[in-house]
Every structure is written in structure tokens, then in C-alpha cells.
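S.K.: Numbering (my numbering), first residue to last: 6 to 172.
Even glycine gets a Cβ: it sits at the ideal position worked out from N, Cα and C.
#1: Pick helix, strand or coil for residue 45, following the three-state DSSP scheme.
#2: By alpha-carbon positions, which one of 23, 37, 17 and 78 ends up nearest to residue 29?
#3: Mind pulling the alpha helix (DSSP H) runs of 4 or more residues that sit fully within the segment 14-61?
#4: Among 46, 90, 167 and 129, which one has its Cα closest to the Cα of residue 154?
#5: Between residue 6 and the rest of its own chain, which residues show a CB-CB distance below 7 angstroms, the 5 nearest in sequence each way excluded?
#6: For the 8 angstroms Cβ check, are there 3 or more pairs between the segment 59-66 and the segment 102-122?
#7: Since residue 67 is in the beta strand (DSSP E), which residue starts that stretch and which ends it?
#8: Between which residues of its own chain and residue 137 is the CB-CB distance below 6 angstroms, once the five residues before and five after are set aside?
#9: Between the segment 158-172 and the segment 80-88, are three or more C-beta pairs nearer than 8 angstroms?
#10: Around the C-beta of residue 72, are 16 or more other C-beta atoms found within 10 angstroms, so that it is buried, or is it exposed?
#11: Residue ranges of each beta strand (DSSP E) run of no fewer than 3 residues wholly in the segment 93-146, ordered along the chain?
This is the structure in C-alpha cells:
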């Protein structure tokens, strides 16, 4: 299988509660994958992510937050602390992974795939918390958005990426 034939749906991640999750469970859906942090100036973006999740989950959008502590130690908590913070402060009920690295030799395979598919403007490395990746239902097509780009501002792209309902 060539690199271009690979899809994100071949990968897995570990949920915040320790369960292995196959992205194949979401094949045919659009994915919004975000590296998150609880102590960042951009943390209020959890509101927008939760809003989009609530409005679009029944139409084929899966939002997954990947907490990461690689940027100025802005995600210091353990997995339970992170989950509680997100639920209590932002009402988050979308999927969260265990804390991961998004850059370097220990980068999570999901982020290695995303950076390969949608590199950055200057370098492919993720530069800060709340970098967003929108993966089309084909599992191959990826759009990347800067940390400062609000979830609300990409709503049009999200709507366009949602799978077409079959009747």
C-alpha cells in the first residue's frame, strides 16, 4: 500500500479512560482532531469545539481532543484531571485521548499522519496548542488550521466535509 493509499482509519489512539480506540470505528465520518491544553490562552476554544460537536455529531462529525504538554507546560495534569477540567469548565463530552506528544520522535502516530498529509506553512511541526486538523470521510484528505483559528470560523469547511446522508 502506498503512502497515498493509507487512511487515518488504520490508526488507533488510547482514550482518556485508557481504552484503545480504533479510528476505523469512525470510517466514513469527518474527524476534527485538535491538540489541546488546559492552561493556554486558547483554552476557551473548548467552548467552540463542544458546540460544533453537539451540533454536528449526529450528522457524521467526530471531534477528538488530544491533550499535549509539549508547549510551555500548559497541560500539566494527569488524564483524570484533564477530563474533569474539560467537563466542569466547558461541558466537554467529545472524545479525549490520553496525553500525547505531537512533535518529535515520540509523536503520536495520528499526528505523524496528519502532519504528513497537511504540513505547516514554514515547517510541518505543530507550533502551538489548538492546531486543528479536519479529516474528510475518505480518511485521506486533511485540512490544517492554525491555533488562533477559532472552531467557529471553520464551520463552513466542517459542514462541507460532513458525509452526505444516504436515503
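M.R.: Based on what the coordinates show:
#1: coil
#2: 17
#3: 50-61
#4: 46
#5: Bear in mind that the predicted position of residue 6 carries a pLDDT of just 44, short of 50, making it unreliable; the figure below should be weighed with that in mind. Excluding residues within five positions, none has a Cβ falling inside 7 angstroms.
#6: no
#7: 66-72
#8: 39 and 150
#9: no
#10: By the 10 Å Cβ count, residue 72 comes out buried.
#11: Scanning the segment 93-146 from its first residue to its last, the whole beta strand (DSSP E) runs of 3-plus residues come out as 137-140.
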